[in-house]
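Heads up: the structure comes next, in structure tokens.
In the working numbering, the protein residues as written are 2 to 169.
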């Protein structure tokens, strides 16, 4: 019953049901002395959304349906690997450019690369491990109550490249 209402509300609010998947399920038999025994079932569903606006809309919908437990499980960018690759390429080009102008200063030229290695000596705060960090801001809704709005922060990707070049 509650699951059917959820599916109906998701469709009505423009969510693609193809992005909804079952993550887990369980059940528990509750013995009652004076009343009929009851089986409690629980399902864990995952809904893939594409924006902070959809997250807010989804949480409002879940609240309207009386669903008591909901959480953001993972946040990421759909093209994160492409972005990481582009940043690494830019870092390598910067290393080559730096070698070029430093060697030019002493009348030498940069030769072929001898060693190329990613430097990983930076300690990142825990929230950076998530590709997109989530922050919550308080916002007042029309009724005057306090409501949490979910917003995504900008992605910050940084790579350092160690490059050793031959000198011509």
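Where a beta carbon is used, it is the ideal one built from N, C-alpha and C, also for glycine.
Item                                                                                                  : Value
Contacting residues, own chain, Cβ-Cβ under 6 Å from residue 22 (five flanking each side not counted) : 47
Whole-angstrom distance between residue 168 and residue 114, CA atom to CA atom                       : 9 Å
Residue 74: first and last residue of the uninterrupted beta strand (DSSP E) it sits in               : Residue 74 -> no beta strand (DSSP E), and no H or E assigned at all.
DSSP-derived helix/strand/coil call for residue 67                                                    : coil
Inter-residue spacing [alpha-carbon to alpha-carbon] between residue 63 and residue 17                : 15 Å
DSSP three-state assignment for residue 1, whether helix, strand or coil                              : Within the shown structure, residues of the chain are numbered from 2 to 169, placing residue 1 beyond reach of any answer.
Range of the contiguous alpha helix (DSSP H) that encloses residue 4                                  : 3–13
Nearest-angstrom Cβ-Cβ length linking residue 49 and residue 14, presumed shorter than 8 Å            : Actually they do not touch by this definition, with Cβ atoms about 15 Å apart.
Beta carbon of residue 156 nearer than 8 Å to that of residue 88                                      : no
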